[in-house]
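According to the numbering used here, the sequence shown holds residues 1307 to 1602 in order.
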Amino acid sequence: MPYLETDSVRLWYDVRGSGLPVLFIHGGFAGPAYRLQPRTYEWLEEFVPHYRAVVYHRRGCGWSSLPYDGWSLDAQVGDLLALMDHLGLEQAHIIGSSAGGPIALLLALGSPQRVRSLALANTAARLFHPESDRGLTRVVREEAEALRREGALAIFRRRPLEARVSLAALWERPAAEADGRLEEWQAEYRRLAEHAAASLSEEEWARLCAAEVENIEAYLDVDLRPRLAEVRAPTIVVHGNADRVVPLDWGRELADGIPGAQLAVVPGVPHGIMGESAEARRLVLEFFLRVDGRMD
């Protein structure tokens, strides 16, 4: 498997096809869940007849290494630019999904010459809203303070099982209940916990949990809404109207704030729209082709 070694991290990446590049920035956060089930995003094959499809695992996720620091979004944009430089990509169509969306936006704001166009999938300019997130921001801040005060093992040992797999379970559970998938959701987390117990030492598992806290904490105060009007890249926002993790209204806010942005709402699709919806992928692909003058 190919890797890029930088001064601070080892990044796994994959390149398929040829031609103008499309680069996918996945969502989620560093931690046990993404370490235990690395994703290769096979749906990108649908772009390969037309484009060079590039995907990578963000620091601490999947097959990329787990650094002890460097969780800021600026550091993650730096990883992305390092990968583009390594691959000789002067410019690319960028797909930013969920937690990858703010990274894509910061790339477009800070290095606009590197972004041919933007596809923002089930994401937002601000992903954490303490006034309406059922206490999630408070929990993450408390976990981060406890981590600095007591260490990784202490916070790990007092977590419920689901949160040992992923702190994101705290906001996924209400969505699973609302969709009637609670038993299936609980079974999946039990399976991942058994996998973790069999493949990781307690110290390794705790360190992954600590990395997840630090990664999520880096997003808590990120609010790019005041800067959306500065985005100059052609942009499409794709969102499912059944997304209970990142509400559709947040996607509308993105499209309203970015000059000339197109909003595509796909009925009945939950969070994870690029993997869940062939229609969403078609809309994004056709948008890129139009930007390149290859489709009316």
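Think of the CB as a built atom: it goes at the ideal place given N, C-alpha and C, for glycine as much as any other residue.
- Counting only runs of at least 4 residues, the stretch 1392-1460 fully encloses the following alpha helix (DSSP H) elements, listed from N- to C-terminal order: 1406-1416, 1442-1456.
- For Glu1468, the uninterrupted alpha helix (DSSP H) run begins and ends at 1467-1471, by DSSP.
- Contact fails between the stretch 1386-1404 and the stretch 1505-1517, because fewer than three Cβ pairs, one in each stretch, are under 8 Å apart.
- Of Leu1317, Pro1327, Ser1324, the smallest CA-CA separation from Pro1373 is found for Leu1317.
- The C-beta distance from Pro1540 to Ser1423 rounds to 4 Å, short enough to fall under 8 Å.
- Contact annotation: the stretch 1517-1530 touches the stretch 1440-1450, with at least three C-beta pairs closer than 8 Å.
- Under the DSSP assignment, Trp1511 falls in the alpha helix (DSSP H) whose first and last residues are 1508-1523.
- Judged by beta-carbon spacing, Ala1430 lies beyond the 8 Å limit of Gly1402, meaning their Cβ atoms are not closer than that value.
- By the neighbour-count criterion, in which 16 or more other beta carbons inside 10 Å mark a residue as buried, His1435 falls on the exposed side.
- Taking 4 residues as the minimum length, the alpha helix (DSSP H) runs contained wholly in the stretch 1307-1393 are 1338-1342, 1379-1392, in order along the chain.
- Bounds of any beta strand (DSSP E) do not take in Leu1526, whose DSSP letter is neither H nor E.
- In the pairwise beta carbon analysis, the stretch 1347-1367 is classified as touching the stretch 1317-1334: at least three pairs are separated by under 8 Å.
- Taking a contact as a CB-CB distance under 8 Å, the pair Asp1380 and Val1315 does not count as one, their CB atoms being some 14 Å apart.
- Cβ contact annotation for Glu1311 (same chain, cutoff 7 Å, sequence separation greater than five): none.
- Distance from the CA of Ala1475 to the CA of Arg1538, rounded to the nearest whole angstrom, comes to 35 Å.
- Distance between Arg1479 and Asp1555, taken at the CA atoms: about 20 Å.
- A direct Cα-Cα distance of roughly 14 Å separates Ala1535 from Pro1408.
- Between the stretch 1349-1356 and the stretch 1583-1593, the count of Cβ pairs shorter than 8 Å is three or higher; the stretches touch.
- Between the stretch 1562-1576 and the stretch 1543-1551, the count of Cβ pairs shorter than 8 Å is three or higher; the stretches touch.
- If you check the CB distance, Ile1400 and Leu1413 come in under 8 Å.
- Where His1501 is concerned, there is no enclosing beta strand (DSSP E), although the alpha helix (DSSP H) around it starts and stops at 1488-1505.
- A distance below 6 Å between beta-carbons, with the five flanking residues on each side excluded, links Phe1462 to the following residues of its chain, in chain order: Ala1512, Cys1515.
- Its chain contains Gly1368, Trp1369 as the residues whose beta carbon lies nearer than 6 Å to that of Pro1344, once the 5 sequence neighbours on both sides are disregarded; these appear in chain order.
- A direct Cα-to-Cα measurement between Asp1313 and Ala1388 gives close to 10 Å.
- Per DSSP, the unbroken alpha helix (DSSP H) holding Leu1591 starts and ends at 1584-1597.
- Per DSSP, Gly1566 lies in no alpha helix (DSSP H) segment and is marked neither H nor E.
- When the five nearest sequence neighbours on each side are left out, the beta carbons in the same chain lying within less than 7 Å of the beta carbon of Tyr1309 are those of Arg1316, Leu1317, Trp1318, in order along the chain.
- Counting every other CB atom within 10 Å of its CB across the protein chains shown gives Met1307 a total below 16, marking it as exposed.
- Cβ contact annotation for Ile1331 (same chain, cutoff 6 Å, sequence separation greater than five): Gly1402, Gly1406, Ile1409, Ala1410, in chain order.
- For Arg1479, the enclosing alpha helix (DSSP H) starts and ends at 1475-1484.
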